[in-house]
Amino acid sequence: MCGRYVVATPTSDLVGLFEIDEAGADLPEPNWNIPPTTTVPIVVEPAPRDDGPPIRRLEAARWGLVPAWADDVSVGQRAFNARSESAASKPMFRDAVRERRALVPADGWFEWHREGEAKTPHYVHGDAPISFAGLYAWWKQPDGTWLLSTSILTTAATGALAEIHERMPLVVSPEMRDAWLDPTEDGEAALEAVVAEAPGVVADLSSHVVDRRVGNVREQGPDLIAAVATE
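Residue numbers (our numbering): 17 to 247.
Dropping the structure here:
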């Protein structure tokens, strides 16, 4: 699963890394301890409304998907993750799988390994920023404004990551990013392709134990991702 992650890379660098054409307003500052319902940066490439080329945008979104038909924003509190195995058939996510797929930039994520009653936090990361497979939706708020929200797809953990937790966020390789974002691509086929390559993508990631302070959402700062000694 993915319930806490890190975006420490500045917005200006994300624009270059993800080949952004336009950046939205109010993009969040770097954050080393992101919980659900936080505003996060996502990459979207909606279908153009005319004959022009698609425009890739970096936008600020609430983490926790709120579909257009939702009665209340609180729906998103339980939709911050979407299981890749069932997302295409779930009413909460299926429209987004079909035509509203996103990339969620990240420097890494936290995962807790449980042994008995003890839970040990690990930080999983690569040598460069990565991207999670995400979904997005627009929801009209009571005041008439529009809320952009997102969910992170998850899959079965593989390799060394399976020793930490049974689930992991679905990481999209740089080579697959264009196809994943393309709204003209078949959504279910795009999802199957990303899931199929996931074991090889995450095989290059590293992990280490971090301070338990990361469990407190009020804790913040680069020291949260520093390795700590283990017994």
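Beta carbons are placed, not taken as given, at the ideal position from N, Cα and C, and that holds for glycine. Keep in mind the model is a prediction, meaning the values are calculated, not measured.
Specify the secondary structure class of residue i as computed by DSSP and reduced to three states.
| i | result |
| --- | --- |
| residue 208 | helix |
| residue 223 | strand |
| residue 114 | helix |
| residue 213 | helix |
| residue 137 | strand |
| residue 241 | helix |
| residue 218 | helix |
Mind checking whether residue i and residue j have CB atoms under 9 Å apart?
| i | j | result |
| --- | --- | --- |
| residue 221 | residue 150 | no |
| residue 211 | residue 186 | yes |
| residue 54 | residue 79 | yes |
| residue 139 | residue 22 | yes |
| residue 58 | residue 20 | no |
| residue 146 | residue 175 | no |
So if DSSP puts residue i in a beta bridge, which residue, or which two residues, is it bridged to?
| i | result |
| --- | --- |
| residue 185 | 170 |
| residue 41 | Residue 41 is not bridged to any residue. |
| residue 128 | 137 |
| residue 121 | 147 |
Worksheet entry | beta strand (DSSP E) runs contained entirely in the region 44-108, provided each spans 3 or more residues | 47-50, 55-60, 73-79, 97-99
Worksheet item: Quick one: any contact between the region 159-171 and the region 190-204, if contact means 3 or more CB pairs under 8 Å?
Response: no
Worksheet item: When the Cβ atoms of the region 216-234 are set against those of the region 99-109, are three or more pairs found closer than 8 Å?
Response: no
Worksheet item: Three or more C-beta pairs closer than 8 Å, one from the region 37-49 and one from the region 59-79: is that the case here?
Response: yes
Practice prompt. Spell out a yes or no on whether the region 108-116 and the region 190-197 are touching, meaning 3 or more CB-CB pairs, one atom from each, closer than 8 Å.
Written response: no
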